[in-house]
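The opening residue of the sequence shown carries number 17 in my numbering; numbering runs sequentially from there. Glycine included, every Cβ here is placed at the ideal spot set by N, Cα and C. The structure presented is a predicted model; accordingly, all values stated were derived computationally and were not measured. See below for the structure under consideration.
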Amino acid sequence: IKVGTATITAKSDDGGKTATCTVTVEAKNTPVTGVTLDKTSYEMTEGDEVTLTATVSPENATNKNVSWSSSNTSVATVENGKVTAVKAGTATITVKTEDGNKTATCEITVNTTVYPVESISLDKTSYEMTEGEEFTLTATIKPENATNKNVSRSSSNTSVETVDNGKVTALK
């Protein structure tokens, strides 16, 4: 009738002799037929986290235990469905059922964190020079971890002076 234990007793009508049998009823095993993830692909930035949700089928499966793995832990790690983006690249997150070894995957793309330039300064704010003289201006970008530290330089009057990668040449 239901899960549990019962003792069945047989008793003779004559003489009161008995025999017993202990019967244990276990839950019906409903095997896993599949597993899905709520995301099949996801784009992240270094340091981001996202939790993937696994759905085991059928809903009344007896053993819904799953394990998680990452194809590239240097790019993304996973623990109990929580994915952490480590560094730029791609990784496949796989969930696998304990019963039936059914799997589902999510392709994770991790992008580099972009740190914008907050300020730029030059080592000189004014400088006097004579014709034919050269000097180099040094640009400093802040913060130091800015993603793109490229600097372009130009002169407001190229007939008087030229600038080439920070090197200033006085023409006239």
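For residue j and residue i, the rounded distance between their alpha carbons
i, j, result
"G63", "Y143", "44 Å"
"T108", "A92", "8 Å"
"L187", "R169", "17 Å"
"G97", "E75", "19 Å"
"N161", "T129", "10 Å"
"S171", "N164", "22 Å"
"D115", "V48", "6 Å"
"I136", "N79", "60 Å"
"V111", "M60", "19 Å"
Nearest candidate by alpha-carbon position, reference residue i, set the options
i, options, result
"A104", "I124, E114, N117, T34", "I124"
"V102", "V111, S90, V48", "S90"
"L138", "W84, V184, T71", "V184"
"G148", "S73, A26, V179, T100", "V179"
"T71", "A43, D30, S28, K118", "K118"
"G20", "M60, P132, G31, K44", "K44"
"T156", "V126, V133, C122", "V133"
Rounded Cβ spacing between residue i and residue j (contact assumed at less than 8 Å)
i, j, result
"K18", "V41", "7 Å"
"T152", "G182", "5 Å"
"V94", "T113", "So it is not a contact: roughly 16 Å between Cβ atoms."
"V167", "A120", "The Cβ separation is near 47 Å, so there is no contact."
"S57", "C122", "6 Å"
Simplified DSSP assignment, three categories, for residue i
i, result
"I136", "strand"
"G31", "coil"
"S168", "coil"
"T40", "strand"
"G50", "strand"
Buried or exposed by the 16-neighbour rule on C-beta atoms within 10 Å, applied to residue i
i, result
"A77", "buried"
"S86", "buried"
"A191", "The structure shown does not extend to residue 191, since the chain spans only 17 to 188, so no value can be given for it."
"V99", "buried"
"C37", "exposed"
Residue-chain proximity (residue i, chain D), Cβ-Cβ < 8 Å
i, result
"A26", "Absent here is chain D; the protein component of the structure consists of one chain."
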